[in-house]
Every structure is written in C-alpha cells, then in structure tokens.
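The numbering of the sequence shown is our numbering, which starts it at -2 and goes up by one. Below: one structure, written as structure tokens.
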Amino acid sequence: MAISAIIVAAGTGSRAGTGPAKQLRLLHGRRVLDWSLEAFAAHELIDTVILVAPASEVETYSEMFRAADRVVAGGATRSLSVRAGLVAAKAAGSETVLVHDAARPGLDKRTITALIEALQSHDGAAPALPVVDALKRTDASGRLSNVRRDGLYRVQTPQAFRLELLERAIHEAPDSIVDDLEAVERLGARIAFVDGHERLAKITYQEDFDRMERLLAPLSGPRIGTGFDVHAFEPGDAVILCGLAIPHTARLQGHSDADVAWHALTDAILGAIGAGDIGDHFPPSDEKWRGAPSRVFLEEAMRLAREAGYELGNCDITLICEVPKIKPHRETMRQQTAEVLGVDMGRVSLKATTTEGLGFTGRREGIAAQAAAILYPAQ
Ligand code: MG
C-alpha cells in the first residue's frame, strides 16, 4: 500500500506572536517545519511527502522545503487544506495517508511506524497521551465541578487513515467538525491509539518554543563544546585544580577559587548546549561568587545540560603549565571531576603539557586550561 504524509502548514499561527510564521522559526537550528518533513522523508514506509502551504506561498515553500515531494496550496480552513492534501495524495497513488500539523515538530520514526502498523487492524490511528492532571469544569456562574479523567486522552498528530475513508468523512462532516478523527469516527470507524509523546505537543504560544527546544534535544544528535581559560599566579601556597588544593609556591588569582581547569570544562559544557559562558551565569561583578568553589559552576553547567535533555559522553581537559607538576594528582582530579559531573571516571580525561618555556605559561606566570565536552541526547 502506497502511503502519503500530508503536513498541513497553511495556517498563519498568529497566536505565537509576531515575526515569521511559527513553522519557519528555528528549533536547534532547524525550522519547525523541517523537523516533521524530514522525519517523514527519512521513513522507508512513506512514499510521498506532501506539504500544504499557505496559498500565496506555494512557490516560496517549494524552494524552501526541498524535503517535500509536493507542495500544494491550502485553503481558508483546515479541512479545505486537508482536502487539498488528499487530492495530491490520490494523484500520487496513495491509499493511506498520515495527516500532520506543521506546529508539532517532535515527530520520530517510532511513532510513524506504530501508526502504520496500527492501520493493519484499524481504520484510523493517532498518538495519544492519557490525561494525568486533575480536570475541572466551570459553569456559567464560575462553580467548579470535577471531571473524571479515567479514559480521557490528549490526542496528537499525525493521524493515519485509509485515504478514501478520510475523504468521505470530511465530505460528509458538518462544518462544525474540524477534527479529522472526529469526522472519521462519525462513520463508525475503528480507531487505535498509539503512544503519544510530550514532544509531539503543538506549538501554539511564544512560550512553547523554549519548552519544545528542551523536548527536542534528544532528537537533535550529539553536541560538542570547547572551553579555554587562563589564571595568573599571585603569592600563595596552593593552587586549586579540579577542586584539589595542590601545594605550590603561588596561588591562582581570580574572583572565585580560580580553578582554571573546571572553568574551562564549565565553558565546554555550556558551549555544547549553546548556553553562553561561565561569565553569563556567574558574573564576576556579582559579590555572591567571590571566593566561590568552582564546583558550583560545573554542577550548574551539568544541571543545565541535563535539563536540556543531554548526558555527558566524555570530556577532555588539558592543563598548560610548567608548575606545579600535575601528574601525581591526575587520578584524584579525574575522580573529583567525575563526581561533580555525576558520571563515571572513564568519561573524564585529564592531560597536562608545558609550552617548552615559551610564553606566559613558560615564564611560570600562570596556568592555562582547555577542555572539550561532547553531550549525547539522554535516552
Ligand atoms: Mg576563570
């Protein structure tokens, strides 16, 4: 059976604020619409990807979205746009369609496969999530009543149907029905729910973009970051490197504890999630961070990474100095770093080098550190 995916992108999306239509905004560097277009295009069971564009933008969208096999003009209402998509799907020889909202970028391969499989025993299928929040209804006077949530679901898209069934359902549905699933159910069709996902939620408002960015992180592949830092020596008796006080004839100058190794690593992790640098999060102008242990900075960077949906793959720190000698302390420093990051030691590498007497490190004026970190979407 030939299968078409129809992405309905003809609406204006005005509720998500001004600026470009929401389907053109970027999430992890890809336009909202690219996410689902490419998910369909990459799926081996989808033969044709049809994009229903705003009527005035068909040419522009054809240029902009090469992953679509066909770009057709939408109508004034969602059901007119779905109809336009169905005409194109029929022309492509499809018997089955998956109809999807452009504003739901979090589509993955597993959901597409599950929907297509469900159609083997049902007339229609949709991703759905059970309602977990308490539900209340208010009447005209503002009085609250409880709604039992057993058996209640939030239904998402894509929704999969046999093409002819959906065509007939939309044709016969009164104008008041705008939902494909509802139109099909009216004909007594058997509908299956497959597992929905928070990622498949619809972007409606401006604030949904931040949330979606976090939710989509796991689909966006690994991220790499690098960091670099320098601190000068001043009179003292120990330097702090990776949280370890190493006896020395000087200490490192700085607003915090001047742990140059962890500063570079903090920047590498922040860099990997595109969250700025250590100075953005812990401004040296803020008295709060005077003498602060750099553990706090590193912990916060890792917390932000996890909040964004990532886990550390590995990290590699290089210390550049003539003194003190790093090697005797290396394993302790790796251990402490792994502990703060909440990972095993195998994911933390630490090296040291000199600059052969050249430059400020060669003159023993301070210590430089560089770090790289790679983050993977948390499973
Ligand atoms: Mg620093």
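Virtual Cβ for every residue (Gly too), placed ideally from N, Cα, C. Just so it is clear, the structure is predicted and the values come from calculations on it, not from any experiment.
Other residues of its chain near Ile188: CB distance less than 8 angstroms, five sequence neighbours each side excluded: His119, Asp120, Gly121, Ala122, Ala123, Leu178, Val181 and Glu182
Cβ shell of Pro215 (< 6 angstroms), same chain only, five flanking positions each side left out: Gly306 and Pro374
Given 8 angstroms, three or more beta-carbon pairs between the segment 201 to 209 and the segment 283 to 297: no
Proximity of Glu362 and Phe230 at Cβ, strictly below 8 angstroms: yes
Check your reading: residues with Cβ closer than 5 angstroms to ligand 1 heavy atoms: Asp226 and His260
Residues near Ala6 by beta carbon distance below 7 angstroms, same chain, minus five either side: Gln20, Leu30, Leu48, Val49, Ala50 and Ala99
C-alpha gap between Val340 and Leu309, whole angstroms: 8 angstroms
Arg107 burial status per 10 Å Cβ neighbour count (16 or more: buried): exposed
Of the listed residues Val191, Glu54 and Arg151, nearest to Glu114 (C-alpha basis): Val191
6 angstroms Cβ shell around Leu347 - same chain, five flanking residues per side excluded: Ile314, Arg327, Met330 and Arg331
C-beta atoms of Ile0 and Ser78 nearer than 8 angstroms: no
Endpoints, the alpha helix (DSSP H) within which Asp57 is located: Reading the sequence as shown, one finds Thr at residue 57 and not Asp. Run containing Thr57: Val55 to Met61, per the alpha helix (DSSP H) assignment.
Distance CB(Ala302)-CB(Ala368) smaller than 8 angstroms: no
Exposure of His379, with buried meaning 16 or more beta-carbon neighbours within 10 Å: The structure shown does not extend to residue 379, since the chain is modelled only from -2 to 376, so the question has no answer here.
For Leu267 and Ala298, believed in contact at Cβ under 8 angstroms, the rounded distance: 5 angstroms
Among Ala52, Asp226, Glu304 and Asp277, nearest to Trp259 - alpha-carbon criterion: Asp226
Per-residue burial, Pro171 [other beta carbons within 10 Å of its own, 16 or more giving buried]: exposed
Distance between Cys312 and Pro232 (C-alpha atoms, nearest Å): 31 angstroms
Short CB-CB distance (under 8 angstroms) between Val46 and chain B: Any reference to chain B falls outside this structure, which holds one protein chain only.
Segment limits, alpha helix (DSSP H) that includes Arg75: Arg75 to Ala88
Three-way DSSP call (helix, strand, coil) for Val320 in this model: coil
Buried versus exposed, by CB contacts within 10 Å (16 or more), Met209: buried
Coarse secondary structure for Arg140, derived from DSSP in three states: coil
Contacts around Ala365, its chain only, beta-carbon distance under 6 angstroms, and the 5 residues preceding and following it disregarded: Val227, Ile317 and Thr358
Leu301 Cβ short of 7 angstroms to ligand 3 heavy atom set: This structure does not include ligand 3; its bound ligands are ligand 1.
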